[in-house]
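Residue numbers (this note's numbering): 82 to 315. Heads up, the beta-carbon is just placed ideally off N, CA and C, and yes, glycines get one too. Note that this is a predicted model, so its numbers are computed, not measured.
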């Protein structure tokens with residue numbers, strides 16, 4: 082029984098395995114919203130702010146307004162991720178990280194159900210909201226801060242780690258470089274997957290991202306010990 086459990090990868094909140102799955106989802110969602118929903122980014126709010134400013138500078142006020150709701154939804158998600166950490170609320174949820182994964186999964190399933198006639202702004206707001214929940218809740222890779230939905234910071238950290246690993250022969254930095262490189266390529270894979278599936282399947286392709294989150298949720302649930310207790314009782 083012990084051997085059976087040991088074959089299942091660990092998915093604590095800061096594990097590389099979970100980071101890979103979330104990075105794939107992060108890349109997928111950005112490709113999905115950019116291709117199918119008015120060229121708005123789900124995760125990269127820097128891009129949305131820049132595009133908002135460009136549209137405003139060119140006098141394209143109606144187009145500029147499209148970028149405001151996703152930014153506000155992102156901010157709301159950050160606030161909620163902080164509220165669920167309040168001790169008595171955290172106790173009620175039992176595992177607030179698991180609750181965030183469930184909420185994110187449910188929202189993406191609903192987005193896939195919505196008819197194509199639904200305004201794009203509704204979809205981009207929903208996705209920006211769950212993306213901010215993911216960013217704020219799962220922000221550690223082993224002992225290091227990282228981002229599962231954007232690559233700028235991860236690329237900087239990976240480059241710094243590569244330099245220190247080469248210059249000082251630091252094994253810890255080598256490990257950090259390797260793990261962040263895996264996350265970066267996972268994000269790229271998510272973008273490729275999101276682009277291909279959105280182009281060929283359409284708006285319901287978002288269920289692929291939801292499916293990946295289900296896998297992450299199942300493995301995370303296992304890592305909290307619930308499956309272990311069930312199997313040990315047999």
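Check: What's the gap between the Cα of residue 258 and the Cα of residue 241?
Finding: 8 Å
Next item on the list: Under 6 Å Cβ to Cβ from residue 154, same chain only, skipping five residues before and after it: list those, please.
Entry: 206, 209 and 210
Notebook entry, point to check: When DSSP builds the beta bridges, which residues end up paired with residue 288?
Noted result: Residue 288 is not bridged to any residue.
Check: Between the C-alpha atoms of residue 213 and residue 300, what's the straight-line distance to the nearest angstrom?
Finding: 22 Å
Notebook entry, point to check: Helix or strand or just coil, what does DSSP make of residue 221?
Noted result: strand
Notebook entry, point to check: Quick one: is residue 238 buried, meaning 16 or more other Cβ sit within 10 Å of its Cβ, or exposed?
Noted result: buried
Check: By a C-beta neighbour count over all protein chains shown, 10 Å radius and 16 as the cutoff for buried, is residue 131 buried or exposed?
Finding: exposed
Margin query: Using only CA atoms, which one of 147, 225 and 262 lies nearest to residue 200?
Written below: 147
Check: Does the region 269 to 281 come close enough to the region 151 to 169 that 3 or more CB-CB pairs lie under 8 Å?
Finding: no
Notebook entry, point to check: In whole angstroms, what separates the C-alpha of residue 316 from that of residue 298?
Noted result: Look at the range of the chain in this structure, 82 to 315, and you will see that residue 316 is not part of it.
Next item on the list: Could you check which residue in 271, 269 and 225 has the C-alpha nearest to that of residue 253?
Entry: 225
Check: How would you write the range of the alpha helix (DSSP H) that residue 172 sits in, first residue to last?
Finding: 168 to 174
Check: Using the rule of at least 16 other Cβ atoms within 10 Å of the residue's Cβ for burial, across every protein chain shown, is residue 138 buried or exposed?
Finding: exposed
Margin query: Within a Cβ cutoff of 7 Å, which residues of the same chain sit near residue 316, ignoring the five residues on either side of it in sequence?
Written below: With the chain covering 82 to 315 only, the question about residue 316 has no answer from this structure.
Note to self: Could you compute how far the alpha carbon of residue 127 sits from the alpha carbon of residue 99?
What the structure shows: 25 Å
Item checked: For residue 191, the first and last residue of its enclosing alpha helix (DSSP H) -> 177 to 194
Margin query: Assuming contact is defined by CB atoms lying nearer than 8 Å, are residue 97 and residue 271 in contact in what I supplied?
Written below: no
Check: Based on Cα-Cα distance, which residue from 287, 221, 236 and 223 lies nearest to residue 265?
Finding: 236
Notebook entry, point to check: For residue 263, which residues of its own chain have a beta-carbon under 7 Å away from its beta-carbon, when the five flanking residues on both sides are left out?
Noted result: 97 and 101
Checklist line | Element boundaries [alpha helix (DSSP H), containing residue 250] | finding: That residue, residue 250, is in no alpha helix (DSSP H); it is neither H nor E in DSSP.
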